[in-house]
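Worksheet for the structure shown next.
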Amino acid sequence: MATVLEFTSPADEFPLGTVFENLPTVTVELERLIAHKTHVIPYFWVRGADAADIEAAFEAHAGVVEIEYIDDVDDEFLMRAEWEPTYFGILSALASANVTVLSGVGTSDGWDFEVRGESRAAISEFRTLCQEHDIPIEITAVHALLPVQGDGIELTDAQREALVLAYERGYFDSPRETTLDEMASELGISQQSLSSRLRRGHRRLIGGTLVNS
């Protein structure tokens, strides 16, 4: 059964996270991950700084061969990183275990990841690889993907809980009757984690209804 794993990692453990040393107010969000021969090329968005400052902050990073500016939308910049082929980190462990990254958001406080394995064995392999390579991660949640009311739309328990809470608390009302911070406190998770759950839940609901209808 497909399984979703949520975990956190220190800001400086992930190579892209060293940008926070020079730009502590930026947010980095992974956009797309492509397996390329023996390593992984991630596309990511950066917000909270000017493009020139971002490029300068990424100039010297362990494990990174090149950072390339791709595009920008409003005040967000799409960039691409290419790793050193011999570097083994979180993304390498995920690729080796054939685990898909659903979301990855980093700030100076750390990284929040949500990943999916087609089986619990894949998730177990990823965790083992992290242990073997001394990659520090903290597991925050493990969920099986289950259909919503038998209609074929798959949500994790955490995504369902977040969406229902947001609806009940008036987060989707105009004006909003609550904030992400208030709901995150109620659930006992970070604001980043809650935002990720809502975003992934929305994507699955839309993909399973409006797009496929």
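The numbering of the sequence shown is the working numbering, which starts it at 211 and goes up by one.
From the three backbone atoms N, C-alpha and C, an ideal C-beta is built for every residue, glycine too.
For residue i, list the residues DSSP reports as bridge partners.
{"i": "T317", "result": "G320"}
{"i": "R326", "result": "V214, T310"}
{"i": "S219", "result": "W321"}
{"i": "I349", "result": "F217"}
{"i": "A354", "result": "T213"}
I believe residue i touches residue j by the beta-carbon criterion, under 8 Å. Please report the beta-carbon distance rounded to the nearest angstrom.
{"i": "L226", "j": "F254", "result": "6 Å"}
{"i": "R326", "j": "V309", "result": "7 Å"}
{"i": "A267", "j": "N232", "result": "4 Å"}
{"i": "Y279", "j": "M289", "result": "6 Å"}
{"i": "S404", "j": "A394", "result": "This sequence places Leu at residue 404; Ser is not what is there. That pair is a contact at about 4 Å."}
Express the C-alpha separation of residue j and residue i in angstroms, rounding to a whole number.
{"i": "I347", "j": "S219", "result": "5 Å"}
{"i": "D222", "j": "H343", "result": "16 Å"}
{"i": "T228", "j": "V275", "result": "14 Å"}
{"i": "G360", "j": "M211", "result": "Since pLDDT at G360 reaches only 46, below the 50 mark, its modelled position is unreliable, and the value read off the structure follows with that caveat. Each residue's alpha carbon lies about 16 Å from the other."}
{"i": "L373", "j": "P385", "result": "17 Å"}
{"i": "A259", "j": "L365", "result": "34 Å"}
{"i": "L339", "j": "S313", "result": "20 Å"}
{"i": "R337", "j": "F230", "result": "26 Å"}
{"i": "E265", "j": "E286", "result": "13 Å"}
{"i": "L301", "j": "I277", "result": "16 Å"}
{"i": "R414", "j": "A307", "result": "23 Å"}
{"i": "D391", "j": "S406", "result": "13 Å"}
{"i": "E328", "j": "V236", "result": "33 Å"}
{"i": "A291", "j": "P252", "result": "6 Å"}
Determine, for residue i, whether the minimum Cβ-Cβ distance to residues of chain B falls below 8 Å.
{"i": "S406", "result": "Although the question refers to chain B, the structure presented lacks it and comprises just one protein chain."}
Buried or exposed: residue i, going by 16 or more other Cβ atoms within 10 Å of its Cβ?
{"i": "E324", "result": "buried"}
{"i": "T389", "result": "exposed"}
{"i": "S423", "result": "Reliability of the predicted coordinates at S423 is poor, the pLDDT of 47 falling under 50, and no value is obtained from them."}
Answer yes or no: the CB of residue i versus the heavy atoms of the ligand SAM, is any distance below 7 Å?
{"i": "Q369", "result": "What this structure holds is no ligand at all, so the ligand SAM is not there to describe."}
Identify every run of the beta strand (DSSP E) within the region 224 to 293, keeping only runs that are complete inside it and at least 3 residues long; order them along the chain.
As far as the region 224 to 293 is concerned, its whole beta strand (DSSP E) runs of at least 3 residues are 237 to 246, 249 to 257, 274 to 283, 286 to 293.
Which runs of the alpha helix (DSSP H) fall wholly inside the region 360 to 390 and span at least 4 residues, in chain order?
Within the region 360 to 390, the complete alpha helix (DSSP H) runs of at least 4 residues fall at 367 to 378.
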